[in-house]
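Working notes, beginning with the structure itself.
Number of protein chains: 2
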Amino acid sequence: MNKDFALTLKKAKLKVTPARQAILETFSSDCKPINAEYIHQKLKDKGFNLVTIYRTLTSLETSGLLKRVDLRKGSTYYELTDHHHHHVICTGCGKTESFEMCDVDKISKGVLRKSPLFETIGQHSLELFGTCKSCSKG
Amino acid sequence: MNKDFALTLKKAKLKVTPARQAILETFSSDCKPINAEYIHQKLKDKGFNLVTIYRTLTSLETSGLLKRVDLRKGSTYYELTDHHHHHVICTGCGKTESFEMCDVDKISKGVLRKSPLFETIGQHSLELFGTCKSCSKG
DNA sequence: TTTTTTGCAAAAGGTTTGCAACACG
DNA sequence: CGTGTTGCAAACCTTTTGCAAAAAA
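As they're listed, the protein sequences go chains F and C.
What the first sequence shows, in the working numbering, is residues 7 to 144, in sequence order.
What the second sequence shows, in the working numbering, is residues 7 to 144, in sequence order.
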């Protein structure tokens, strides 16, 4: 992602605030799905309230800058939408690995063509769950 | 799913109890993802405690009879694992439709072959998010 | 009888809301 | 200046836990 977070926010028609810039920067430097609490810890010296982080995550998601990732953990994880990829998650220890190969757009088109109810399909989630090498030894 | 829920439970090496049978029956009759609260409402005349429902969902999932479905709603939804399918979810009204076409096993094999960290991949989630025809009019 | 399951009450964890002060544009 | 954003405290909702009674095998 472009490092000019103020510009990114302007393009998304959001006001430029310190909290939003700091949160975008966190996503940009940590290339992995993260949750509100993690951001709060990482930015705690800057003093942003956890509530602000929740609200920011919501508005960044609504604007399309972030997307949710379902890791089957207790809380909601998000990632930048800037490059399309998916995850393999270890059901033992929670470790994740990402991959890019994805034929889901083809699947989506096929589903949409046959669907009696749906008009458009915009997003998808695809996560694989398995066991990592170190957990399969234990 | 076989209507002999006692047998299903025995095969899964779980004790046969009224709560487990009733919950399996609910899943069997409602062919859609449901959550703990929904089951509680549906079985409220039988008086099962909500805590029991949560614990039962956990044990049925652990035994492989149920799987989680991520609908991006506030609570955890489950479905029978008896036949493989996925969902399209309307981001406007939450309506879901299911589809069976799924090439994810191929994707999984490819990912596993290239993965430095993972030993096995057992499950996957794949959900499509879009807008249904009635929501796209409004 | 032994072990697992259930109910109840209470706690925990994540997330949302109301409201007043503040900051962006 | 007006509207959107933030912080604080409190509420909310879903899910989990401890313990004793009840039920399954």
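Cβ atoms here follow ideal geometry from the backbone N, Cα and C, with glycine treated the same way.
From a predicted model like this one, the values you see are computed outputs, not experimental measurements.
Within the same chain, Cβ atoms closer than 6 Å to the Cβ of residue 86 (chain C) are found at 7 and 33, the five residues on either side in sequence being excluded.
Close to residue 113 (chain F), with beta-carbon spacing below 9 Å, are these residues of chain C in chain order: 92, 105, 107, 108, 109, 110, 132 and 134.
Contacts between residue 37 (chain C) and chain F, judged by CB atoms closer than 7 Å, are missing: the closest CB pair is about 16 Å apart.
At a cut-off of 9 Å between beta-carbon atoms, residue 118 (chain C) makes contact with chain F. Inclusion of residue 133 (chain C) and residue 95 (chain C) in the CB contact set at 9 Å is warranted, their separation being smaller than that value.
Counted as a single uninterrupted DSSP element, the alpha helix (DSSP H) harbouring residue 33 (chain C) occupies residues 24-35.
Listed in chain order, the non-local C-beta contacts of residue 131 (chain C) below 7 Å within the same chain comprise 76, local neighbours out to five positions each way being set aside. Remark: three or more beta-carbon pairs, one from each stretch, lie closer than 8 Å, so the region 119-128 of chain F and the region 96-113 of chain C are flagged as touching. Restricting attention to C:114, C:91 and C:129, the CA atom closest to the CA of residue 37 (chain C) is found in C:91. Restricting attention to C:57, C:67, C:28 and C:128, the CA atom closest to the CA of residue 51 (chain C) is found in C:28.
Judged by pairs of C-beta atoms under 8 Å, the region 62-71 of chain F touches the region 7-21 of chain F, as three or more such pairs exist.
For the set F:81, F:80, F:83 and F:107, the Cα lying nearest the Cα of residue 89 (chain F) is the one of F:107. Per DSSP, reduced to three states, the secondary structure at residue 64 (chain C) is helical. Under the three-state reduction of DSSP, residue 96 (chain F) is assigned to strand.
Chain order gives the chain C residues near residue 127 (chain F) as 94, 134, 135, 136 and 137, where near means a beta carbon separation below 9 Å.
Apart from sequence neighbours up to five positions away, the residues of its chain that approach residue 137 (chain F) with a beta-carbon distance below 8 Å are 96, 97 and 98, ordered along the chain.
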